[in-house]
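For reference, the structure is listed below as structure tokens.
In the working numbering, the protein residues as written are 1455 to 1590.
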């Protein structure tokens, strides 16, 4: 069954694509609300879940953090800033990983792999350096 593209869904997709970021539902709600003032947060959440279930967008569930949504559904990995929670894309050579390790418990069928890096983004590094200089 094909998904009907409502006006709300089109605006949500347009704002997610335009942002070029990995937004949370709350962040996207703030953007969409400027265009559709009467839209509810629940409607944004519901539409994001539907769009991700249909494979139109990707849902990122990063180590217990708030879900984020990505317009790019092609296979790619992410780096996460532990200070400001910014998420950026990383391109990895997936061929480097080779076959699944022998330690995979029996009975599992491997369907994919996700690599998540954590670190401190360039903006936070600059802020930290400025703060260190002030403290000196």
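Just so it is clear, CB atoms sit at the ideal spot from N, CA and C, and this is done for glycine as well.
Check                                                                                                           : Outcome
Selection from 1540, 1499, 1492 that minimises the alpha carbon distance to residue 1574                        : 1540
C-beta contact flag for residue 1485 and residue 1469 at 7 Å                                                    : yes
Where residue 1525 sits in the DSSP three-state scheme                                                          : coil
Residue 1513: first and last residue of the uninterrupted beta strand (DSSP E) it sits in                       : 1512-1514
Chain B within 7 Å of residue 1515, Cβ atoms only                                                               : Note that chain B does not occur in the displayed structure, where there is just one protein chain.
Beta-carbon proximity of residue 1526 to residue 1514, cut-off 7 Å                                              : no
Endpoints, the beta strand (DSSP E) within which residue 1542 is located                                        : 1541-1544
Three-pair Cβ contact test at 8 Å for the segment 1503-1512 versus the segment 1554-1572                        : no
Classification of residue 1529 by the beta-carbon crowding that lies within 10 angstroms, buried from 16 upward : exposed
Start-to-end residues for the beta strand (DSSP E) that takes in residue 1547                                   : Unbroken run through residue 1547: none, as it is neither H nor E.
For residue 1466, the three-state DSSP class (helix, strand or coil)                                            : helix
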